[in-house]
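Undergrad: Sending over a structure as structure tokens; questions will come in a sec.
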Amino acid sequence: MLDKFFTWYQKHYLLNLSIAAGLFLLQIFHLYWLFTDVILLKLTGQSYFAFPDIWGVVSTVLEYTEIPAIISTSLLYIHLLRQNFSWKNIFFLLSINVQWLHILWITDEVVIERFTTHTQFLHWPVLIAWLAILIDYLELPVIYDTAKRLLFEIKSRIKKLDPKN
């Protein structure tokens, strides 16, 4: 059954890669919000979030695309590992799936609450909040890799269509 699924996955690789990359690219706005409205607020006492408050809500809504992003990107790296083992792909798979810890245990709401109620920088609840932020930013290498793979795949498909090749 798995072989059949991954045969289908390979047949529709560009579509599957596009979905995975697209869903994770949406996370960039959430990471921007997290940096400018949460991290910088904690470090400097001032928010540098350049959008109206409603965009904080949009960031929260975009955060709900993270679960499909984790699933689709996990499938991508499992597919790639089935084709050829790579420690880099293992790292990406682990970086993606550690997000479950952040989603189910140390949510953004917990981070904000810990930052606003604990003033000491190295207080245990604040350290947990920093851990959650680190986990969130482990998405960046995956975002870069999936976007790079998508561009490479599109370029190679265009080359195949070029009658000069």
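According to the working numbering, the stretch in the sequence shown is residues 41 to 205, in order. Ideal placement from N, C-alpha and C gives every residue a C-beta, glycine not left out.
In whole angstroms, what separates the C-alpha of I59 from that of L190?
TA: If I take the Cα positions, the gap works out to 10 angstroms.
Undergrad: Roughly how many angstroms separate the alpha carbons of Y49 and N56, rounded to a whole number?
TA: Roughly 7 angstroms between the two C-alpha positions.
Undergrad: Measure the C-alpha to C-alpha separation of D77 and T100 and round it to an integer number of angstroms.
TA: Distance between the alpha carbons of D77 and T100 is about 12 angstroms.
Undergrad: Applying the 10 Å Cβ sphere with the 16-neighbour rule, what's the burial state of V97?
TA: Per the 10 Å Cβ criterion, exposed.
Undergrad: Using only the alpha-carbon positions, how far apart do I94 and F125 sit?
TA: About 44 angstroms.
Undergrad: Just to confirm before moving on: does the CB-CB distance between I79 and E106 stay below 8 angstroms?
TA: Not a contact, by the Cβ cut-off of 8 angstroms.
Undergrad: Reducing DSSP to helix, strand and coil, say where Y104 ends up.
TA: If DSSP states are grouped into helix, strand and coil, Y104 belongs with coil.
Undergrad: Does DSSP put G85 in a helix, in a strand, or in coil?
TA: Coil at G85, not helix or strand.
Undergrad: Any idea if Y184 is buried or exposed, counting beta-carbon neighbours within 10 angstroms, 16 or more meaning buried?
TA: The residue in question, Y184, is exposed, as its Cβ has fewer than 16 Cβ neighbours within 10 Å.
Undergrad: I'd like to check one pair, I175 with L141: are the Cβ atoms closer than 8 angstroms?
TA: In contact: L141 and I175 (Cβ atoms closer than 8 angstroms).
Undergrad: In whole angstroms, what separates the C-alpha of Q86 from that of L201?
TA: Straight-line Cα distance between these residues: approximately 52 angstroms.
Undergrad: Locate the alpha helix (DSSP H) running through L201, then write down its first and last residues.
TA: First-last of the alpha helix (DSSP H) with L201: E179 to L201.
Undergrad: Are the CB atoms of S114 and N137 nearer to each other than 8 angstroms?
TA: Going by C-beta atoms, S114 is nearer than 8 angstroms to N137.
Undergrad: Please report how far the alpha carbon of Y177 lies from the alpha carbon of Q67, in whole angstroms.
TA: Approximately 10 angstroms, taken between the alpha carbons.
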